[in-house]
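Following: one structure in structure tokens, then a few remarks.
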Amino acid sequence: MSFLEPCGASTDAGNVSHELPTMHPVFAIETKCKNHTLGFAESANAPEAQAPTLRVAKMLALTALDLFTNPELLSEVKREFEEWKATQTKGER
């Protein structure tokens with residue numbers, strides 16, 4: 425497992441990602457509207473948005489299932505996170 429390079433976007437995960445391993449997937453839906461607008465909300469509710477949304481929801485659910493049913497994997501995730509966290513200074517976290 426590896427961490428992606430930081431991007432310029434923000435998430436709603438808040439400070440949790442500094443204390444616990446956190447996922448915040450990003451995926452596209454068909455829209456020309458900016459995030460957090462009424463137009464985007466309408467696009468997200470459109471039938472065309474269902475397939476990519478369900479695909480990501482399944483990915484999250486299956487990832488959770490893997491972590492709940494594979495204690496070794498969960499331990500590895502926690503270990504890697506703690507190793508990463510130890511390399512961060514308070515200002516970078």
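Per my numbering, residue 425 is the first one in the sequence shown, and the count goes up by one each step.
Virtual Cβ for every residue (Gly too), placed ideally from N, Cα, C.
What is the DSSP secondary structure of residue i, counted as helix, strand or coil?
i	result
A465	helix
F442	The displayed chain sequence assigns His, not Phe, to residue 442. In this structure, H442 counts as helix in the three-state DSSP scheme.
D490	helix
T511	helix
K502	helix
M483	helix
A452	coil
A437	coil
A473	helix
M425	Because M425 sits at a pLDDT of 48, beneath the cut-off of 50, its placement in the model cannot be relied upon, and the following sentence gives the value as read from the coordinates. Of the three classes helix, strand and coil, the one that applies to M425 here is coil, per DSSP.
Is the region 470-480 touching the region 447-454, taking contact as three or more C-beta pairs under 8 Å? yes
Okay, do the region 456-463 and the region 440-448 touch, 3+ Cβ pairs below 8 Å being the bar? no
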